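*Asks:* 25 is the number of the first residue of the sequence shown in this note's numbering; add one for each residue after it.
Cβ coordinates follow ideal geometry from the N, Cα and C atoms, glycine included.
Bear in mind that the values here come from a model prediction, so they are computed numbers and not experimental data.
The structure's right below; bear with me while I get my questions together.
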Amino acid sequence: MTGFAERFRSFDRPSKVLMVNQFTINVGFYMLMPYLAGYLSGPLGLAGWAVGLVLGIRNFSQQGMFLVGGTLADRFGYKPLIVAGCVLRTAGFALLSVTSSLPSLIVASAATGFAGALFNPAVRAYLAADAGERRLEAFSVFNVFYQGGILAGPVVGLALTAVDFRLTCLVAAAVFGVLTVVQIRALPAHENERDRSSVWSDWRAVVANRSFLLFALVMIGSYVLSFQTYLALPMEARRITGSETSATVLIAGLFVISGGLAIAGQLKITAWAKDRWPPGTCLAVGMTFMAAAFVAPLTVARAGPVVAGAGLLVSAALLAVGTVVVFPFEMDTVVRLSGDRLVATHYGFYNTIVGVGILLGNLFTGTVFDLARRAGFPEFPWLALTVIGAVCAFGLRGLDRSRLQTSVVQ
25 MTGFAERFRS FDRPSKVLMV NQFTINVGFY MLMPYLAGYL SGPLGLAGWA VGLVLGIRNF
85 SQQGMFLVGG TLADRFGYKP LIVAGCVLRT AGFALLSVTS SLPSLIVASA ATGFAGALFN
145 PAVRAYLAAD AGERRLEAFS VFNVFYQGGI LAGPVVGLAL TAVDFRLTCL VAAAVFGVLT
205 VVQIRALPAH ENERDRSSVW SDWRAVVANR SFLLFALVMI GSYVLSFQTY LALPMEARRI
265 TGSETSATVL IAGLFVISGG LAIAGQLKIT AWAKDRWPPG TCLAVGMTFM AAAFVAPLTV
325 ARAGPVVAGA GLLVSAALLA VGTVVVFPFE MDTVVRLSGD RLVATHYGFY NTIVGVGILL
385 GNLFTGTVFD LARRAGFPEF PWLALTVIGA VCAFGLRGLD RSRLQTSVVQ
């Protein structure tokens, strides 16, 4: 912990502010979002389709608008977009606390989603610019704060929601309200180079960057696999335990292992990988870990609940290690492939691509799980996920060998 604190203090003020902000952003977000579906379907009594609509609009307004947020950040500066995102999320969470009508819930959900689209690319572009040659190290420290917020948020939210979910919404709104003030007062403005070309020209330049597009497409697999911590592993936990209480304990264990490994191992694992391999190889190694994560549930798919549960815990651990290896090199690669031009726009477009990939990947995963269970082949979904990871790992090695990751279309 001392080494981590020293590493954190070694960065300039903007980077430190952005790292702490990200922890707080995730605490505010994850104290509320895991319990939103239960609130909508329970106390508010919304039908299933309405709950899905509200959650779907939140996801689309973030994932589908990342490109817009990144473009605005490159044109108007990183700080204004970060501030605007915090203001909008404050308003969205506050509205959730006082409304019960479907139209108002949709507006609140869209606001919270679009807020993420505004500040997410701006934060990453600002951090990359401020850290300079220390980008890789900065993103490693950043991910520790990121994962810490994901771990702390649901715990805080559980305590608040036990009183009243509306209280959770108000506290989350207050968190983002404080963040807004912090951004205005503590975050220096960053004078990024303003491009005077048209938005369409900027977007055409990004789309014409073949190296970047290929990288983004291959990296969809990383996001599809890592998201199974929230989809396939909890689904399987509920299936094998047969008890909601036991399932809750097992799922909590999955998240503790995943977040704990990311927090404890991020800096050491990044340094270890950096000392041994070039960035492209590090990405492929991380993806290989993620592919291997599904071998454990594959081999124990027909075992009893204790053995099958252990397989899920092993899977969560390997997924966490793979994600820890991939994340800083992934963020650094996006900057390198952008040629340090329109960095936020590249991040926005990248997030949009992987967002679409996550949507399709989750649809595929859920469908395959249903079909495999009906057909009596519980191993098949895990085999499919392993194959996806292996294909993407080979794809990353191919990109590295052909030097596409270091060649940027001018």
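Let me know if Ile208 comes out buried or exposed under the rule of 16 or more other beta-carbons within 10 Å of its beta-carbon.
*Replies:* One-based indexing of the sequence shown puts residue 208 at position 184. Counting Cβ neighbours within 10 Å, Ile208 comes out exposed, since fewer than 16 surround it.
*Asks:* Under 7 Å Cβ to Cβ from Phe373, same chain only, skipping five residues before and after it: list those, please.
*Replies:* The count along the sequence shown starts at 1 and reaches residue 373 at position 349. So the qualifying residues of the chain are Leu91, Gly94 and Val230.
*Asks:* Run through DSSP, which three-state label would Met57 get?
*Replies:* Along the sequence shown, read from residue 1 onward, the residue named residue 57 stands at position 33. Helix.
*Asks:* With 16 other CB atoms within 10 Å as the buried threshold, where does Leu385 fall?
*Replies:* For the purposes of this step, residue 385 is taken as the residue at position 361 of the sequence shown. A small correction: the amino acid at residue 385 is Gly; Leu does not occupy that position in the sequence shown. By the neighbour-count rule (16 or more Cβ atoms within 10 Å), Gly385 is buried.
*Asks:* Can you tell me which of the three DSSP states Gln429 falls into?
*Replies:* Numbered from 1 along the sequence shown, position 405 holds the residue referred to as residue 429. Unreliable placement is indicated for Gln429, whose pLDDT of 44 sits below 50; the coordinate value is still reported in the next sentence. Here Gln429 sits in helix by DSSP.
*Asks:* Measuring CA to CA, which of Gly80, Ile281, Ile264 and Leu238 is closest to Pro321?
*Replies:* As a working mapping, residue 321 is identified with position 297 in the sequence shown. The candidate whose alpha carbon is nearest that of Pro321 is Ile264.
*Asks:* Give me the Cβ distance between Val251 and Pro303, rounded to the nearest whole Å; I'm assuming they're in contact under 8 Å.
*Replies:* Residue mapping note: residue 251 aligns to position 227 of the sequence shown, counting from 1. Residue mapping note: residue 303 aligns to position 279 of the sequence shown, counting from 1. Here the sequence assigns Phe to residue 251, which means Val is not the residue at that position. Rounded, the Cβ-Cβ distance is 23 Å, inconsistent with contact.
*Asks:* Quick check: Gly245 and Ile412, are their CB atoms within less than 9 Å of each other?
*Replies:* Along the sequence shown, one-based indexing puts residue 245 at 221. Along the sequence shown, one-based indexing puts residue 412 at 388. In contact: Gly245 and Ile412 (Cβ atoms closer than 9 Å).
*Asks:* Candidates Gly66, Gly62, Ile81 and Thr192: which alpha carbon is nearest Phe117's?
*Replies:* Sequence index remark: in the sequence shown, residue 117 carries index 93 (1-based). Taking only the C-alpha atoms, the option nearest Phe117 is Thr192.
*Asks:* Which complete alpha helix (DSSP H) runs does the segment 392-432 hold, if anything under 4 residues is left out?
*Replies:* 404-425
*Asks:* Compare the Cα-Cα distances from Asn167 to each of Asn83, Ile382 and Ile49 and report the closest residue.
*Replies:* The residue labelled residue 167 in the question sits at position 143 within the sequence shown. Residue Ile49 is the option with its Cα nearest to Asn167.
*Asks:* CB-CB under 6 Å to Lys298, same chain, minus the five flanking residues each way: which ones, in chain order?
*Replies:* Translated into positions along the sequence shown, residue 298 becomes position 274. Cβ neighbours of Lys298 beyond the five flanking positions: none.
*Asks:* Looking at Val435: is its Cβ nearer than 9 Å to the Cβ of Ala408?
*Replies:* There is no way to answer for residue 435, as the model of the chain reaches only from 25 to 434.
*Asks:* Note down the Cα distance separating Ile5 from Thr272, rounded to an integer number of angstroms.
*Replies:* The displayed coordinates of the chain run from 25 to 434. Any statement about residue 5 would go beyond what the structure contains.
*Asks:* Going straight from the alpha carbon of Ala213 to that of Glu268, what length do you get?
*Replies:* Stepping through the sequence shown from its first residue, residue 213 is reached at position 189. Stepping through the sequence shown from its first residue, residue 268 is reached at position 244. Using only the alpha carbons, I get a separation of about 49 Å.
*Asks:* Taking 7 Å as the limit between beta carbons, can you name the residues of its chain near Phe239, skipping five residues before and five after?
*Replies:* As a position in the sequence shown, residue 239 is number 215, starting the count at 1. For Phe239, where only same-chain residues beyond five positions count, the Cβ hits under 7 Å are Thr357, Leu361, Leu423 and Gln429.
*Asks:* Please confirm whether Val378 and Met243 have their CB atoms less than 9 Å apart.
*Replies:* Counting from 1 along the sequence shown, the entry for residue 378 is found at position 354. Counting from 1 along the sequence shown, the entry for residue 243 is found at position 219. Cβ atoms of Val378 and Met243: closer than 9 Å.
*Asks:* Under 8 Å Cβ to Cβ from Ile293, same chain only, skipping five residues before and after it: list those, please.
*Replies:* Translated into positions along the sequence shown, residue 293 becomes position 269. Result list for Ile293: Val345, Val348 and Val349, in chain order.
*Asks:* Let me know the secondary structure DSSP gives Met89 once reduced to three states.
*Replies:* Position 65 of the sequence shown, counted from the start, is the residue given in the question as residue 89. Coil.
*Asks:* Taking only the alpha-carbon atoms, compute the straight-line gap between Trp301 and Ala295 and give it to the nearest angstrom.
*Replies:* Here the question's residue 301 lines up with position 277 in the sequence shown. Here the question's residue 295 lines up with position 271 in the sequence shown. Each residue's Cα considered, the two are about 10 Å apart.
*Asks:* Determine, using beta-carbon pairs with one atom in the segment 175-191 and one in the segment 131-147, whether at least three such pairs fall under 8 Å.
*Replies:* Too few Cβ pairs lie closer than 8 Å, so no.
*Asks:* I need the straight-line Cα distance from Leu285 to Phe313, nearest angstrom please.
*Replies:* As a first step, residue 285 is located in the sequence shown; it is residue number 261 there, counting from the start. As a first step, residue 313 is located in the sequence shown; it is residue number 289 there, counting from the start. Their backbone Cα atoms lie some 14 Å apart in a straight line.
*Asks:* Could you give the DSSP three-state label for Tyr371: helix, strand or coil?
*Replies:* Counted from its first residue, the sequence shown places residue 371 at position 347. Three-state result, Tyr371: helix.
*Asks:* For Ala153, count the other beta carbons within 10 Å of its own beta carbon; 16 or more makes it buried, fewer makes it exposed. Which is it?
*Replies:* The residue given as residue 153 occupies position 129 in the sequence shown. Counting Cβ neighbours within 10 Å, Ala153 comes out buried, since at least 16 surround it.
*Asks:* How long is the line joining the alpha carbons of Phe189 and Ala71, rounded to whole angstroms?
*Replies:* By one-based count along the sequence shown, residue 189 stands at place 165. By one-based count along the sequence shown, residue 71 stands at place 47. Near 18 Å, if we compare the C-alpha coordinates of Ala71 and Phe189.
*Asks:* Output needed for Ser431: all residues of its chain with C-beta closer than 6 Å, excluding positions within five of it in sequence on either side, in chain order.
*Replies:* Taking the first residue of the sequence shown as 1, we reach residue 431 at position 407. The pLDDT assigned to Ser431 is 45, lower than 50, so where the model puts this residue is not dependable, and the model offers no usable value.
*Asks:* Pick helix, strand or coil for Leu322, following the three-state DSSP scheme.
*Replies:* Position 298 of the sequence shown, counted from the start, is the residue given in the question as residue 322. Looking at Leu322 - three-state DSSP - the assignment turns out to be helix.
*Asks:* Between the alpha carbons of Arg398 and Ala327, how many angstroms are there, rounded?
*Replies:* The sequence position of residue 398 within the sequence shown is 374, counting from 1. The sequence position of residue 327 within the sequence shown is 303, counting from 1. Their Cα atoms are separated by approximately 18 Å.
*Asks:* Leaving out five residues before and five after Glu161 in sequence, what residues of the same chain have Cβ atoms less than 6 Å from its Cβ?
*Replies:* Start at 1 with the first residue of the sequence shown, and residue 161 comes out as number 137. Nothing listed; no residue qualifies.
*Asks:* Determine the DSSP secondary structure at Thr272, reduced to helix, strand or coil.
*Replies:* Taking the sequence shown and counting its residues from 1, the one referred to as residue 272 is at position 248. In the structure shown, Thr272 sits in a helix (DSSP, three-state: H, G or I).
*Asks:* Using CA coordinates, which residue listed in Arg99, Gly381, Phe401 and Cys416 is at the minimum distance from Ser225?
*Replies:* Here residue 225 corresponds to residue number 201 of the sequence shown, with the count starting at 1. It is Arg99.
*Asks:* My output table needs one value for Gly363: the three-state DSSP class, helix, strand or coil.
*Replies:* By one-based count along the sequence shown, residue 363 stands at place 339. Note: Gly363 maps to coil in three-state DSSP.
*Asks:* My guess is that Val206 and Val51 are in contact by the Cβ rule of under 8 Å, so how many angstroms apart are they, rounded?
*Replies:* Position 182 of the sequence shown, counted from the first residue, corresponds to residue 206. Position 27 of the sequence shown, counted from the first residue, corresponds to residue 51. About 13 Å separates the two Cβ atoms, so there is no contact after all.
*Asks:* Using 9 Å as the threshold, is the C-beta distance between Asn315 and Ala340 below it?
*Replies:* Stepping through the sequence shown from its first residue, residue 315 is reached at position 291. Stepping through the sequence shown from its first residue, residue 340 is reached at position 316. It should be noted that the sequence gives Ala, not Asn, for residue 315. Cβ atoms of Ala315 and Ala340: not closer than 9 Å.
*Asks:* Looking only at C-alpha atoms, which of Asp364, Gly310, Ala332 and Leu96 sits nearest to Phe351?
*Replies:* Translated into the one-based positions of the sequence shown, residue 351 becomes position 327. Among Asp364, Gly310, Ala332 and Leu96, the Cα nearest to that of Phe351 is on Gly310.
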